Amino acid sequence: GGPFGAVIAKDGIIVAEASNSVTIDLDPTAHAEVNCIRQATRKLKTFNLEGCEIYTSCEPCPMCLGAIYWAHLDKIYYANDRKDAAKIGFDDEFIYEEIDRKIEERHKPMIALMRDEALGAFRMWEENTEKTEY
């Protein structure tokens, strides 16, 4: 993968460390931050990483930033920024721009379908009294 690494620490102790493995795993989501979050959640046996901090070699891309927020990490420390990454061929600016566009103006078509049927699954989730919320 690319030249990216990440470490997650809790109370000053490293609980996970990972690197980018996109080309090794043939998985475009295998960024260092995502790999590190996966390791930390398994090690700590929780999907909520409150109380943890992530240290990354570069400002997280939009996907990784989303994962960091979903994992509830407290703080992000990073070395290189997105402009540094763009200079070596890792330019995510188009994704930031795409997110800001209205759905109908995005470059990849997004077509809503079967909403009424899909809402049934949401209603079942909402009514489930034994769900684990996150």
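So the sequence shown is numbered by the working numbering: it starts at 70 and just counts up by one.
All C-beta atoms in this analysis are idealised placements derived from N, C-alpha and C, irrespective of residue type, glycine included.
Please read these numbers as outputs of a predicted model, since none were measured by experiment.
Rounded to the nearest angstrom, the gap between the Cα atoms of Y203 and A140 is 9 Å.
The region 175–194 and the region 97–111 do not touch, with fewer than 3 CB-CB distances between them shorter than 8 Å. Contact between C133 and V103 is confirmed by a C-beta separation of about 6 Å, below the 8 Å threshold. Between G120 and D153, the C-beta gap is not smaller than 8 Å, which leaves the two residues out of contact. Look at Y138 here: in three-state DSSP terms it is helix. When the beta-carbon positions are compared, A101 and N89 come within less than 8 Å of each other.
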